[in-house]
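S.K.: Pasting in a structure now, in structure tokens, and then I'll have a few things to ask.
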Amino acid sequence: TFGYDLGNPRLDSYPGQLQSLLGQRFEVRNFGHSGATLLRKGHRPYFKTEEYKKALDFKPDVAIIHLGINDTDPRNWPNYKYSFASDYADLIDSIRSVNPKMQIYICRLTPIFSGHPRFLSGTRDWYNQIQELIPQIAQNNQVGLIDLNTPLRYRIDLFDDCLHPNKQGATSIARQVANALVPLSQKLQVAETIGSDMVLQRNWENSIFGKGTAAAEINIVFNKKSYKTRGNPDGSWEIKLPKMEAGGPYEIAVSSGRQKVVLKNILFGDVYLASGQSNMAFQLRRATNSDSLIRNAGRIQHLRLFKCQNLVETNAVAWDTASLKKVNDLAYFNGSWRQANEDEAAQFSAVAYAFAEQIAREQHIPIGIIDLSVGGSNTESWIDRKSLENDDLLASYIHNWQKSDFVQEFCRERAGQNLAGSNVKNQRHPYQPAYNFEAGVSKWLNTGLKGILWYQGESNAHNIELYERLFKTLVSSWRKNFHQELPFFFAQLSSIDRPSWGDFRNAQRLLEKGIKGTYMAVTLDVGDSLDVHPREKITVGQRLANLVQEHLYNVELNADHPDPVSCTLHEDKLVLIFDHCKKLKTQENTAVRGFQLMDNKGRIFNVSTNIVSDNTIEIVKPNFQITKILYGFEPFSRANLQNEIGTPVSTFALKIQ
């Protein structure tokens, strides 16, 4: 409130800027005191300050109270936390006593980010405890509540020390307070994710939402029925539509007063979000054998596309000042719903389009596919900040990511090139932990989805153990934030001559087995020994589609990759039995390739292998002690075992007891 570390607190603090926003009808005074605690027994109680006495003498008509941040100090919260609610009530009563007609508002706390020096030693947890108390305190004391957290929780760039907002952060606070005092008036609009030609999730209460004038009535007419609500103090509004079966087209008319927005050609069907890094972003026009898919795109009237366009690519160049500011403002993605046609399909994700085209064609229902991807992005960038901060290991480096070797060197170096022209301490970037969630995924959290497609991992292959932790966190993060137990269909990394990739592919196989509702499409047979962006993308999309057909639409396929379920050691041979196959075969019916054995000294040997029955492999037992069976483990693998519909066996490693 005081304006700590601002150049001119009198003008730059949020009360100073609030005066400018409200104009001459209001007289705004700032009675903040740096470091003050709400707790009366805290190390610097506000009620003992001169500013408190001056605030009472002022006898205001409106009081805005934002206290609690400094109560997270270890001198305060552990000792006196049970006094917080009563001390807040006493403060409210004392201020109200000088003017019983006064309007009083208390505030949800502005954010504290993981770079705070005491974040992991107590501040994080104590801050969360205080934040949970404040809404109930407001209700119990019959005062208003202003949310100062939501407008700033994604804006670490506005907090140089991870605690105090800079001048722009103070502007955001001032606007939020002004909205509580003077109704906000703005043009009626729907959210970017809502629009004509969209697909809404069938059998789901879909949200239509956007912005308008605070407290103004919002009316939606849909399917001959009317639905109403009123705008919130910040102008936001939301109306839920009833569940609908697959079909359409429909029209949705949104109005407020004389303003009207009409959404046309709306379908109900199944909606999928495709995300990841460059192999998901890889365009259909660049993929092998894509001509027919592009040529026929306009014939599928019930296939709709939403491409989240990137503001600027993460190429090896310095971004200009305007781009840097937009990235900080979270304006990195933009797009709209489009009907599939040749031009749209050609520019769309090859994996996502091939997937969606097959599902739309074979299921005969409307399909909406969203492509939200960033080349080179790491897993951390797609996880929400709270999930990252609640993990002690991840919270230890996410604020210092450009100097942390937990983050892949490529990501750090490329970000350094892009951000060379910035002087903002916490400048944002799509490789920064939480950024792509905050700038992109968060826009879709009100959207009903059928499932997630995921193709990412190249920028985390340097640390397999960390990736295992991150992928579990990602799945949990999205399911929690979407309020849906979303199934994840993910593409395994392909083959390339990079040493860690065999081990990484096996780690992905084990993650699939360990996380309920995740399904992996094997891609080791469609890689390129030298190119991290293999062009055989349509096959990957179709394998993901096969998995979805089996697990979500109950089509009888063996879409899951065959996996070894038993290994028996005989005198002269090893016998492996696989699941998810009626009949094992090899690509082009050649000899089995890809099996290796490891001896007790760690040496690896290639071995000959035979298919002896529908789901059984025999390996001739060598004359040395075997400790492990490896399959498809070479970084660029020519392993060729698959089931009867062509689903490849994944890279795997089996220990021999």
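To convert a position in the sequence shown, counted from 1, into the working numbering, add 4. Yeah, the Cβ is synthetic: ideal placement off N, Cα and C, and Gly gets one too.
#1: Label residue 216 either buried or exposed according to how many other C-beta atoms from any shown protein chain fall within 10 Å of its C-beta, with 16 as the threshold for buried.
#2: Residue 411 and residue 430 look like a contact to me (Cβ under 8 Å); what is the Cβ gap, rounded to whole Å?
#3: Note down the Cα distance separating residue 722 from residue 81, rounded to an integer number of angstroms.
#4: If you run the structure through DSSP and keep just helix, strand and coil, what is residue 568?
#5: In the DSSP assignment, find the unbroken alpha helix (DSSP H) run with residue 524 in it and report its ends.
#6: Report all residues from its chain with a CB closer than 6 Å to the CB of residue 426; omit the five preceding and five following residues, and keep chain order.
#7: Residue 448 by DSSP, collapsed to three states: which one?
#8: With DSSP as the reference, please indicate the residues paired to residue 656 in a beta bridge.
#9: Tell me which residue opens and which closes the beta strand (DSSP E) that residue 111 is part of.
#10: Are the segment 398-405 and the segment 331-347 touching by the rule of at least three beta carbon pairs closer than 8 Å?
#11: Identify, in the order they occur along the chain, each residue of the same chain with its Cβ nearer than 6 Å to the Cβ of residue 610, setting aside the five sequence neighbours on each side.
#12: Check whether the Cβ atoms of residue 288 and residue 359 sit closer than 7 Å, and answer yes or no.
#13: Can you give me the C-alpha to C-alpha distance between residue 441 and residue 280, rounded to a whole angstrom?
#14: Could you tell me the distance, in whole angstroms, from the CA atom of residue 264 to the CA atom of residue 212?
#15: Determine the extent of the alpha helix (DSSP H) in which residue 171 is found, giving its start and end residues.
#16: When DSSP builds the beta bridges, which residues end up paired with residue 265?
#17: Please classify residue 161 as buried or exposed, where buried requires at least 16 other C-beta atoms within 10 Å of its C-beta.
#18: Compare the C-alpha of residue 557 against each of 366, 518, 337 and 95 and name the closest.
#19: Identify, in the order they occur along the chain, each residue of the same chain with its Cβ nearer than 8 Å to the Cβ of residue 151, setting aside the five sequence neighbours on each side.
#20: Take the Cβ of residue 649 as the centre, count every other Cβ of all protein chains shown within 10 Å, and call the residue buried at 16 or more, exposed below.
#21: In the DSSP output, which residue or residues are listed as bridge partners for residue 308?
#22: What whole-angstrom Cβ distance do residue 419 and residue 433 have, given they're in contact under 8 Å?
#23: Below 6 Å CB to CB, which residues in the same chain sit around residue 398 once its five sequence neighbours on both sides are set aside?
#24: Just to confirm the assignment, what range does the beta strand (DSSP E) spanning residue 151 have?
#25: Which complete alpha helix (DSSP H) runs does the segment 350-416 hold, if anything under 4 residues is left out?
#26: Please list, in chain order, all residues of the same chain as residue 604 whose beta carbon is under 6 Å from its beta carbon, the five residues on each side excluded.
#27: How many angstroms separate the CA atom of residue 589 from the CA atom of residue 302?
#28: Grab the span of the beta strand (DSSP E) containing residue 603 for me, first residue to last.
#29: Please report the straight-line C-alpha distance between residue 114 and residue 8, rounded to a whole angstrom.
#30: For the 8 Å Cβ check, are there 3 or more pairs between the segment 540-547 and the segment 504-516?
#31: Please state the DSSP three-state secondary structure of residue 67.
#32: Using only the alpha-carbon positions, how far apart do residue 130 and residue 124 sit?
#33: Should residue 608 go down as buried or exposed, given a rule of 16 or more other Cβ atoms within 10 Å for buried?
#34: What separation, rounded to the nearest whole angstrom, lies between the Cα atoms of residue 22 and residue 186?
#35: For the alpha helix (DSSP H) containing residue 423, list its first residue and its last residue.
#36: Does the segment 436-451 come into contact with the segment 462-472, if we say contact requires no fewer than three beta-carbon pairs (one atom in each stretch) closer than 8 Å?
M.R.: Here's the rundown:
#1: On the sequence shown, residue 216 is found 212 positions in, with the first residue counted as 1. It counts as buried.
#2: Along the sequence shown, read from residue 1 onward, the residue named residue 411 stands at position 407. Along the sequence shown, read from residue 1 onward, the residue named residue 430 stands at position 426. So it is not a contact: roughly 15 Å between Cβ atoms.
#3: Because the chain spans 5 through 661 in this model, residue 722 falls outside it and cannot be assessed.
#4: Start at 1 with the first residue of the sequence shown, and residue 568 comes out as number 564. It is a strand residue.
#5: As a working note, residue 524 is residue 520 in the sequence shown. From DSSP, residue 524 is part of no alpha helix (DSSP H) but of the beta strand (DSSP E) over 522-525.
#6: What you label residue 426 is simply residue 422 of the sequence shown in a count that begins at 1. Hits under 6 Å: 328.
#7: Position 444 of the sequence shown, counted from the first residue, corresponds to residue 448. Here residue 448 sits in helix by DSSP.
#8: Counting from one through the sequence shown, the residue named residue 656 turns up at place 652. Looking at the DSSP assignment, residue 656 forms a beta bridge with 635.
#9: As a first step, residue 111 is located in the sequence shown; it is residue number 107 there, counting from the start. Where residue 111 is concerned, the enclosing beta strand (DSSP E) stretches over 107-112.
#10: no
#11: Position 606 of the sequence shown, counted from the start, is the residue given in the question as residue 610. If we look at residue 610 and ignore the five residues flanking it on each side, its Cβ neighbours are 600.
#12: Reading the sequence shown from its first residue, position 284 is the one you call residue 288. Reading the sequence shown from its first residue, position 355 is the one you call residue 359. Their beta carbons are not under 7 Å apart, which means residue 288 does not touch residue 359 by this criterion.
#13: For this step, residue 441 is matched to residue 437 along the sequence shown. For this step, residue 280 is matched to residue 276 along the sequence shown. One C-alpha to the other measures close to 11 Å.
#14: On the sequence shown, residue 264 is found 260 positions in, with the first residue counted as 1. On the sequence shown, residue 212 is found 208 positions in, with the first residue counted as 1. Their backbone Cα atoms lie some 14 Å apart in a straight line.
#15: In the sequence shown, the residue the question calls residue 171 occupies position 167. Run containing residue 171: 171-185, per the alpha helix (DSSP H) assignment.
#16: For the purposes of this step, residue 265 is taken as residue 261 along the sequence shown, with counting starting at 1. DSSP lists 258 as partners of residue 265.
#17: As a working note, residue 161 is residue 157 in the sequence shown. Residue 161 comes out buried.
#18: For the purposes of this step, residue 557 is taken as the residue at position 553 of the sequence shown. The residue with the shortest Cα to Cα distance from residue 557 is 366.
#19: Residue numbering aside, residue 151 sits at position 147 when the sequence shown is read from its first letter. 111, 112 and 180.
#20: Residue mapping note: residue 649 aligns to position 645 of the sequence shown, counting from 1. Burial call: exposed.
#21: Reading the sequence shown from its first residue, position 304 is the one you call residue 308. Looking at the DSSP assignment, residue 308 forms a beta bridge with 343 and 372.
#22: Within the sequence shown, numbered from 1, the residue matching residue 419 stands at position 415. Within the sequence shown, numbered from 1, the residue matching residue 433 stands at position 429. Sure, about 5 Å apart at Cβ, within 8 Å.
#23: By one-based count along the sequence shown, residue 398 stands at place 394. Cβ neighbours of residue 398 beyond the five flanking positions: 392.
#24: The count along the sequence shown starts at 1 and reaches residue 151 at position 147. Per DSSP, residue 151 belongs to the beta strand (DSSP E) from 148-151.
#25: 354-367, 389-393 and 396-399
#26: As a position in the sequence shown, residue 604 is number 600, starting the count at 1. Within the same chain, residue 604 has close Cβ partners 629 and 631.
#27: By 1-based counting over the sequence shown, the position of residue 589 is 585. By 1-based counting over the sequence shown, the position of residue 302 is 298. Roughly 37 Å between the two C-alpha positions.
#28: Residue mapping note: residue 603 aligns to position 599 of the sequence shown, counting from 1. Counting along the chain, the beta strand (DSSP E) containing residue 603 begins and ends at 599-603.
#29: The count along the sequence shown starts at 1 and reaches residue 114 at position 110. The count along the sequence shown starts at 1 and reaches residue 8 at position 4. Straight-line Cα distance between these residues: approximately 14 Å.
#30: no
#31: What you label residue 67 is simply residue 63 of the sequence shown in a count that begins at 1. Residue 67 falls in the strand class under three-state DSSP.
#32: Mapped onto the sequence shown, residue 130 falls at position 126. Mapped onto the sequence shown, residue 124 falls at position 120. Roughly 10 Å between the two C-alpha positions.
#33: Residue 608 sits at position 604 when you count from the first residue of the sequence shown. With fewer than 16 Cβ atoms within 10 Å of its Cβ, residue 608 is classed as exposed.
#34: One-based indexing of the sequence shown puts residue 22 at position 18. One-based indexing of the sequence shown puts residue 186 at position 182. Between residue 22 and residue 186, the C-alpha separation is close to 11 Å.
#35: Taking the sequence shown and counting its residues from 1, the one referred to as residue 423 is at position 419. Taken as a continuous stretch (DSSP letters only), residue 423 belongs to no alpha helix (DSSP H), as it is neither H nor E.
#36: no
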